[in-house]
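Trainee:
Number of protein chains: 4
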Amino acid sequence: MGENVKVAVVGASGYTGQELVRLLLQHPRIEIACVTSRSEAGRLVTDVFPRFKGSPKVNDLPFIAPDVEKMKQLGVEAAFLALPHGVAASFAEPLIDAGIRVIDLSADFRLRSPEIYEEFYGAPHPAPHLLEEAVYGLPEVYGEQIEKARLIASPGCYPTSVLLPLLPILKEGLINPETICVSSMSSASGAGKKTDPSLLFCEVNESVRAYGAPKHRHLSEIEQELSLASQQEVKISFVPHLLPTNAGIATTIFADLKTDPQHVSALIAAAYQEAYENSSFVRVLGEGVFGDTKNVARTNFVDIGWVIDDRTNRLILSSAEDNLGKGAGSQGVQSFNVIYGFPETEGLLHF
Amino acid sequence: MGENVKVAVVGASGYTGQELVRLLLQHPRIEIACVTSRSEAGRLVTDVFPRFKGSPKVNDLPFIAPDVEKMKQLGVEAAFLALPHGVAASFAEPLIDAGIRVIDLSADFRLRSPEIYEEFYGAPHPAPHLLEEAVYGLPEVYGEQIEKARLIASPGCYPTSVLLPLLPILKEGLINPETICVSSMSSASGAGKKTDPSLLFCEVNESVRAYGAPKHRHLSEIEQELSLASQQEVKISFVPHLLPTNAGIATTIFADLKTDPQHVSALIAAAYQEAYENSSFVRVLGEGVFGDTKNVARTNFVDIGWVIDDRTNRLILSSAEDNLGKGAGSQGVQSFNVIYGFPETEGLLHF
Amino acid sequence: MGENVKVAVVGASGYTGQELVRLLLQHPRIEIACVTSRSEAGRLVTDVFPRFKGSPKVNDLPFIAPDVEKMKQLGVEAAFLALPHGVAASFAEPLIDAGIRVIDLSADFRLRSPEIYEEFYGAPHPAPHLLEEAVYGLPEVYGEQIEKARLIASPGCYPTSVLLPLLPILKEGLINPETICVSSMSSASGAGKKTDPSLLFCEVNESVRAYGAPKHRHLSEIEQELSLASQQEVKISFVPHLLPTNAGIATTIFADLKTDPQHVSALIAAAYQEAYENSSFVRVLGEGVFGDTKNVARTNFVDIGWVIDDRTNRLILSSAEDNLGKGAGSQGVQSFNVIYGFPETEGLLHF
Amino acid sequence: MGENVKVAVVGASGYTGQELVRLLLQHPRIEIACVTSRSEAGRLVTDVFPRFKGSPKVNDLPFIAPDVEKMKQLGVEAAFLALPHGVAASFAEPLIDAGIRVIDLSADFRLRSPEIYEEFYGAPHPAPHLLEEAVYGLPEVYGEQIEKARLIASPGCYPTSVLLPLLPILKEGLINPETICVSSMSSASGAGKKTDPSLLFCEVNESVRAYGAPKHRHLSEIEQELSLASQQEVKISFVPHLLPTNAGIATTIFADLKTDPQHVSALIAAAYQEAYENSSFVRVLGEGVFGDTKNVARTNFVDIGWVIDDRTNRLILSSAEDNLGKGAGSQGVQSFNVIYGFPETEGLLHF
């Protein structure tokens, strides 16, 4: 057994950062060298997040302002970025130049095309030369590339919940990619720790509402990966909804079957078997079983089920994940494990 | 101003019955002659529902066992049935024979075809001769028939949330009926007051899950009405979800546009204008606005919005209603108002 | 039947103001002449509160900036103030000078002593000369004074939930006033519509926490009224808690009995009978029954129950109310009804 | 490092059993030899609890019917009992006779006096001879006795939340034990996985209610331990409340100070310092800080804070714990760690 890895969490005051720190507290091979936050610099991590009191790993650790030099001095080998879109890119470059591996949980490096980035994010990409080397951090798909990556673009929460059920089916050509319609239902933590009146308890509790359709930013990376898998340009309809829960995304996907519905179920099972039989975190529930967010909250699991709607010749896919877990923090840690040669499940087998 | 109408609520111990009684307490033209429940017979309504204490209308009113003779003696003119599917039909017949109008909130008389009833409900229809005269109690569509009806089959909660946004669009031929996919998200009260472990607080809270797909019972009446509106047989994909809220259904509908997305928005607005300009309870929110269940909870309103997904040439419709309100109890009261010539909004303009 | 009364709602963009407008929409004797909000001036009320769409009373009504002259021109006879503490006082004076009755939902005029105001609110009282004429708007106690009042200081949410169960017991001398300990549990709407990170959905959901002890501002008016009732200076311990609900306060009160526990129950029942037999909104549940916030949400009722703890010779009182209803908006409307000679229940008998 | 310990979980289908299994899945020194449930016997643990899918520890493990012989054959060394009160005692005896250590999460062995058991539980104690040897499993108080115990009576959820803040204060004589009043607020999981209509989602959500006062069963063990600590008979007033959360109890305690409020704070801090400085799981938050259930959910921590109410010369204590964690399952595991000589935090340092 080698040494533990010293890591930095950059931008740890939001929900993603908080969940990431929580996961790192329980990772046996990680030492938290520093935790940064401009707004909280100087305060103890345990004062900002009283939940973490009692952990030897952060007991006297203060937030510091982000500073690459300082990180180098502290021996940081890898940095997790839990920063807003656009800000992450400006940190990634100097970190990589300083020889620190970057696992970026923002959207900054997820798109291969700077044009599509600009179309969806409304501004030119801040570091287009890094797009080429960034690896989309979905270990179930890009495991080999992740092993050697210096820069991981960890997927978004909605994309993960859409891609993991869809990719094997698309690769096998079982559905018509032009007919994909997605309804995703996310917990409020997905909206971030923003003091937006619409995110106050009384506005979210006893409320369900669609938002962001038809062109949510996450659509760009979803379509990029679906297109790669089906070897044709894919455009889909995607409607996210905000729900009164703390954790989890449930996604329901409709698509026209390209094959006879009577025989397709075995093909679907086989496609998932091939794609995920060695995966520790994709739990294929089988036909007729739907994902439930309460079964994946605070874990790195994604649950996948399906039904065949033979009356309309459609396939209906269902997935459930934790938007801050497999949809953000723990997925980043999974990539970290792959990079450093730890077992994929190291520090992540929570229930 | 004529006399008030004496009504019975038959089967009032569940969530639909409770909400119905609540609405009737606040209806100025209704006298509650009796409230029946086999399981609660003998207990005061205010003991079973402490919320109703202080209402002069039920202060000393006990639940009684259901009995048509007794209702006649009490002068009951109209009966609301809040009974399980199958049970309602057995009550409807003697009530109608006794000259009592029936507003049935169950699914028993919603389908015109006894064959489809048997297909979806798994048993022969208990009173097929009444199917012909039953009127589907969606006042926005069947207002004239409701005026003269002896037997109202009040629509289901999911069907109302799907039909009101879709019918005007289908009638105008703006979408391809073969491409309709529906994702509905319902509060837990829609599952009824059943002592099913999966409905316990800790099982529903912090949970989101699909269920009942691909052939939920409500699909039968949805497809019946969609087929009538589009003058062709329509089959759709429909996935309901259970959410941790007390009140409300949000529905998101995907369908391929049959027209150029650039000009369709005005046509959609016109279709809704024509369908609902005289409707008191359909609130057309317009393009780019989505329904939110918290705005319709405990009301008879349904909110409808839409977006054009021009990237995929699809229309995305959004609706929100209260599953126990416009989806059950208050919609029944709206039919009652139509039958008795009261203003449609009588006793229903709650906010 | 006389004319309807024209009213203004001043400061209507918060939760109290919104609930007040909601109640006025359903009050048959009130015309909403104007609704003011500095931050929302110019926007339609139904755009800020989509829930109110479809109400003839506010259909085209915009928010306006607060302006006494304008209110006079509009014929306003009474103004409800739903403003922050301190701000309300500055509006009350010119309104009263202009002959407009004021029902103030803030704390500005609840205390008789400017010294105690300064002690608890940290600043000198802005209009001490009005304290003398202000009437504490608890109709169950001050009904006669309210009839003639120009300025109503409507009680706070916690105070109402504490005073209504305690006052009759104290007046009868059944408990030792020096031993009163109060635990109150409030919904998040009581904290107001503030963009405070600690009020975000994810911070309140799945959380329970005490706050504000030992000297919450509401303590001052509680002790004032308890002292008046017991004809001696009373100081109590009071701990409020924030809960993940939208509506309601449950209060549990401990106090040492001054009498033999075996005979006290009849005395308690008699005390409540005498105090509340003519009250429309206090529902005395009796011994062994506890209030439940879900039975009073969105109503003007307060439910009161008690148990005798004969092992410790203590009385335990329980109350439940809606903090925005009997604890704020509807209680103000109840005072309005008393002032204008309407039945106490006019527009308030909701279930 | 020795061998892992083989354990049985007896009665694992309820919320306590489920949480216990969840904890054991993550305990590095425990092997789950069997999991019993009469009602679920024959089903896979992962079918009953889909959340546990993917854990190597229970992947193919079925529930079995409880059977001491079978447990012996499987090499079980310790058994956790997550059974209803009364049932646990009948299992404990044969297990102990078979040389299996018992950690009983029920109330069966918590009281030293069979008379008080009968008074509070309404039936004679089923195994009074075992009461003498049973050790009350509060490791912060009975650590030494736990080391050698064959039978652990793990404390109840409310008792733990009341005792840990109160015991050090009582031992130091800082408060008058006759004046203790306790208001506890529990999540719905504390009520168990019972198909009681009052525990359905729609009955608990948006509800807060007291129950069980003045003589909740847990009061007996609370008073037993408070009496031992203060060396006099202590009786207290205790009111539990049911809240709409999945996890956690917050407790607020009032008591008259016996000392000058101006100097007492240092004495309180010292009392806690002495009691808990070596405790891994009691986090003393300090003066003016209140516990929040969201900071302890799914952990074995209990958070304690206090304020001095110098206006009334009272001490107000606040605690927060997870009712299924430190209040049940993880506390049992903590005792297990003590018995087997593992670090107290083994498998329990979750955040």
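Protein chains in written order, with our numbering: chain A, -5 to 345; chain B, -5 to 345; chain C, -5 to 345; chain D, -5 to 345.
Glycine is no exception: its CB is placed at the ideal position from the N, C-alpha and C atoms.
These figures come from a predicted structure and were not determined experimentally.
Examine chain A for any beta-carbon lying closer than 8 Å to the beta-carbon of Tyr205 of chain B, and answer yes or no.
Mentor: In the second sequence, residue 205 of chain B corresponds to position 211, counting from 1. Tyr205 of chain B counts as touching chain A.
Trainee: Is there at least one Cβ from chain D nearer than 8 Å to His344 of chain A's Cβ?
Mentor: For the purposes of this step, residue 344 of chain A is identified with residue 350 of the first sequence, where counting begins at 1. Yes, its Cβ sits closer than 8 Å to a Cβ of chain D.
Trainee: Verify the CB distance criterion: does Tyr266 of chain A have a CB-CB separation below 8 Å to chain C?
Mentor: Numbered from its first residue, the first sequence carries residue 266 of chain A at position 272. No, Tyr266 of chain A does not count as interfacial toward chain C.
Trainee: In or out: Gly282 of chain B buried (at least 16 other Cβ within 10 Å) or exposed?
Mentor: For the purposes of this step, residue 282 of chain B is taken as the residue at position 288 of the second sequence. The residue is exposed, with fewer than 16 neighbouring Cβ atoms inside 10 Å.
Trainee: Residues of chain C with CB under 8 Å from Asp286 of chain D, in chain order?
Mentor: Taking the first residue of the fourth sequence as position 1, residue 286 of chain D is located at position 292. Correct list: Ser201, Val202, Arg203.
Trainee: Of all the beta strand (DSSP E) runs that stay within the bounds of the segment 119 to 168 of chain A, which reach a length of 3 or more residues?
Mentor: If we require 3 residues or more, the beta strand (DSSP E) runs fully inside the segment 119 to 168 of chain A come out as 145 to 147.
Trainee: What whole-angstrom Cβ distance do Tyr160 of chain C and Ile247 of chain C have, given they're in contact under 8 Å?
Mentor: Mapped onto the third sequence, residue 160 of chain C falls at position 166. Mapped onto the third sequence, residue 247 of chain C falls at position 253. Residue 160 of chain C is actually Leu in this sequence, not Tyr. At roughly 6 Å, the Cβ-Cβ gap stays under 8 Å, so Leu160 of chain C and Ile247 of chain C are in contact.
Trainee: If we call anything under 8 Å between Cβ atoms a contact, is Ser183 of chain C one with Ala241 of chain C?
Mentor: Position 189 of the third sequence holds residue 183 of chain C. Position 247 of the third sequence holds residue 241 of chain C. Yes. Within cutoff.
Trainee: Are Val(-1) of chain B and Ala59 of chain B touching if we call contact CB-CB under 8 Å?
Mentor: For the purposes of this step, residue -1 of chain B is taken as residue 5 along the second sequence, with counting starting at 1. For the purposes of this step, residue 59 of chain B is taken as residue 65 along the second sequence, with counting starting at 1. No.
Trainee: State yes or no: is the beta carbon of Phe114 of chain B nearer than 8 Å to at least one beta carbon in chain C?
Mentor: By 1-based counting over the second sequence, the position of residue 114 of chain B is 120. With 8 Å as the cut-off, Phe114 of chain B does not count as an interface residue toward chain C.
Trainee: If distances are taken between C-alpha atoms only, which option among D:Val290, D:Asp303, D:Lys229, D:His210 comes closest to Thr253 of chain D?
Mentor: Position 259 of the fourth sequence holds residue 253 of chain D. Nearest of D:Val290, D:Asp303, D:Lys229, D:His210 to Thr253 of chain D, Cα basis: D:Asp303.
Trainee: Output yes if chain C places a C-beta closer than 8 Å to the C-beta of Ser178 of chain A; else output no.
Mentor: For the purposes of this step, residue 178 of chain A is identified with residue 184 of the first sequence, where counting begins at 1. No - not a single Cβ of chain C is within 8 Å of the one on Ser178 of chain A.
Trainee: Could you check whether Leu318 of chain D and Ala249 of chain D sit closer than 8 Å to each other, using their CB atoms as the reference points?
Mentor: Walking along the fourth sequence from the start, residue 249 of chain D turns up at place 255. Walking along the fourth sequence from the start, residue 318 of chain D turns up at place 324. The answer is no: Cβ separation not under 8 Å.
Trainee: DSSP three-state label for Leu237 of chain A, please.
Mentor: Position 243 of the first sequence, counted from the start, is the residue given in the question as residue 237 of chain A. Leu237 of chain A: coil per DSSP, three-state reduction.
Trainee: Specify the secondary structure class of Ile216 of chain C as computed by DSSP and reduced to three states.
Mentor: As a position in the third sequence, residue 216 of chain C is number 222, starting the count at 1. Helix at Ile216 of chain C.
Trainee: So which residues of chain C does Leu19 of chain B contact, with C-beta pairs closer than 7 Å?
Mentor: For the purposes of this step, residue 19 of chain B is taken as the residue at position 25 of the second sequence. Chain C residues near Leu19 of chain B: Phe345.
Trainee: Using 8 Å for Cβ pairs, my map puts Ala86 of chain C next to Leu145 of chain C. What's the rounded Cβ distance?
Mentor: Here residue 86 of chain C is taken as the residue at index 92 of the third sequence, counted from 1. Here residue 145 of chain C is taken as the residue at index 151 of the third sequence, counted from 1. Ala86 of chain C to Leu145 of chain C, Cβ: 6 Å. Contact.
Trainee: Beta-carbon separation of Ile110 of chain C and Ser214 of chain C under 8 Å?
Mentor: Reading the third sequence from its first residue, position 116 is the one you call residue 110 of chain C. Reading the third sequence from its first residue, position 220 is the one you call residue 214 of chain C. Their beta carbons are under 8 Å apart, which means Ile110 of chain C touches Ser214 of chain C by this criterion.
Trainee: Ser183 of chain A touches chain C at which residues, Cβ-Cβ below 9 Å?
Mentor: The residue you call residue 183 of chain A lines up with position 189 of the first sequence. Per Cβ cutoff of 9 Å: Phe195, Cys196.
Trainee: Compare the beta carbon distance of Ser274 of chain D and Glu340 of chain D with 8 Å and say whether it is the shorter of the two.
Mentor: Locating residue 274 of chain D in the fourth sequence gives position 280, where the first residue counts as 1. Locating residue 340 of chain D in the fourth sequence gives position 346, where the first residue counts as 1. No, Cβ-Cβ distance for Ser274 of chain D and Glu340 of chain D is not below 8 Å.
Trainee: Could I get the ranges of all uninterrupted alpha helix (DSSP H) runs contained in the segment 182 to 211 of chain B, with 4 residues as the minimum, in chain order?
Mentor: 195 to 198
Trainee: Straight-line CA distance for Met(-5) of chain B to Leu343 of chain C?
Mentor: Against the second sequence, residue -5 of chain B aligns to sequence position 1. Against the third sequence, residue 343 of chain C aligns to sequence position 349. Because the pLDDT of Met(-5) of chain B is 49, which lies under 50, any placement of that residue in the model is unreliable, and the question is left without a value.
Trainee: Is the CB-CB distance between Phe345 of chain B and Arg16 of chain C below 8 Å?
Mentor: Taking the first residue of the second sequence as 1, we reach residue 345 of chain B at position 351. Taking the first residue of the third sequence as 1, we reach residue 16 of chain C at position 22. In this structure, Arg16 of chain C lies closer than 8 Å to Phe345 of chain B by Cβ.
Trainee: Can you find at least 3 beta carbon pairs, one from the segment 200 to 210 of chain D and one from the segment 278 to 293 of chain C, that sit closer than 8 Å?
Mentor: yes
Trainee: With a cut-off of 8 Å, does the C-beta of Asn240 of chain C fall near any C-beta of chain A?
Mentor: Looking up residue 240 of chain C in the third sequence gives position 246. With 8 Å as the cut-off, Asn240 of chain C counts as an interface residue toward chain A.
Trainee: Compute the distance between the beta-carbons of Gly267 of chain D and Pro133 of chain D, then report whether it is under 8 Å.
Mentor: For the purposes of this step, residue 267 of chain D is identified with residue 273 of the fourth sequence, where counting begins at 1. For the purposes of this step, residue 133 of chain D is identified with residue 139 of the fourth sequence, where counting begins at 1. Contrary to the premise, residue 267 of chain D reads as Gln rather than Gly in this sequence. Not in contact: Gln267 of chain D and Pro133 of chain D (Cβ atoms no closer than 8 Å).
Trainee: Could you tell me which of B:Thr245, B:Leu18, B:Cys28, B:Leu236 sits nearest to Val233 of chain A, measuring between CA atoms?
Mentor: Here residue 233 of chain A corresponds to residue number 239 of the first sequence, with the count starting at 1. Proximity to Val233 of chain A across B:Thr245, B:Leu18, B:Cys28, B:Leu236 peaks at B:Thr245, based on C-alpha coordinates.
Trainee: Does chain C have any CB closer than 8 Å to the CB of Pro88 of chain A?
Mentor: Locating residue 88 of chain A in the first sequence gives position 94, counting from the first residue. No, because no Cβ of chain C sits closer than 8 Å to the Cβ of Pro88 of chain A.
Trainee: Taking all protein chains shown into account, decide if His257 of chain A is buried (16 or more other Cβ within 10 angstroms of its Cβ) or exposed.
Mentor: For the purposes of this step, residue 257 of chain A is taken as the residue at position 263 of the first sequence. Label assigned to His257 of chain A: exposed.
Trainee: Can a CB atom of chain B be found closer than 8 Å to the CB of Pro44 of chain D?
Mentor: The sequence position of residue 44 of chain D within the fourth sequence is 50, counting from 1. So no, Pro44 of chain D is outside the interface.
Trainee: Please tell me whether Arg32 of chain B and Ala101 of chain B are closer than 8 Å, where the distance is taken between their beta carbons.
Mentor: Against the second sequence, residue 32 of chain B aligns to sequence position 38. Against the second sequence, residue 101 of chain B aligns to sequence position 107. No, the pair does not count as a contact, with Cβ atoms beyond the cut-off.
Trainee: Using 8 Å as the limit for Cβ to Cβ distance, is Gly48 of chain D near chain A?
Mentor: What you label residue 48 of chain D is simply residue 54 of the fourth sequence in a count that begins at 1. It does: the Cβ of Gly48 of chain D has a partner Cβ on chain A nearer than 8 Å.
Trainee: Output the boundary residues of the beta strand (DSSP E) element that contains Asp250 of chain B.
Mentor: In the second sequence, residue 250 of chain B corresponds to position 256, counting from 1. Start and end: 243 to 250.
Trainee: Using a beta-carbon distance below 8 Å, is Lys64 of chain A in contact with chain B?
Mentor: In the first sequence, counting from the first residue as 1, residue 64 of chain A sits at position 70. Judged by the 8 Å Cβ criterion, Lys64 of chain A is not in contact with chain B.
Trainee: Would Ser224 of chain C and Leu164 of chain C be called neighbours here (beta carbons separated by less than 8 Å)?
Mentor: Translated into the one-based positions of the third sequence, residue 224 of chain C becomes position 230. Translated into the one-based positions of the third sequence, residue 164 of chain C becomes position 170. Cβ atoms of Ser224 of chain C and Leu164 of chain C: closer than 8 Å.
Trainee: Considering only the beta carbon of each residue, do Val4 of chain A and Thr30 of chain A sit closer than 8 Å?
Mentor: Within the first sequence, the letter at position 10 stands for residue 4 of chain A. Within the first sequence, the letter at position 36 stands for residue 30 of chain A. Taking 8 Å as the Cβ cut-off, Val4 of chain A and Thr30 of chain A qualify as a contacting pair.
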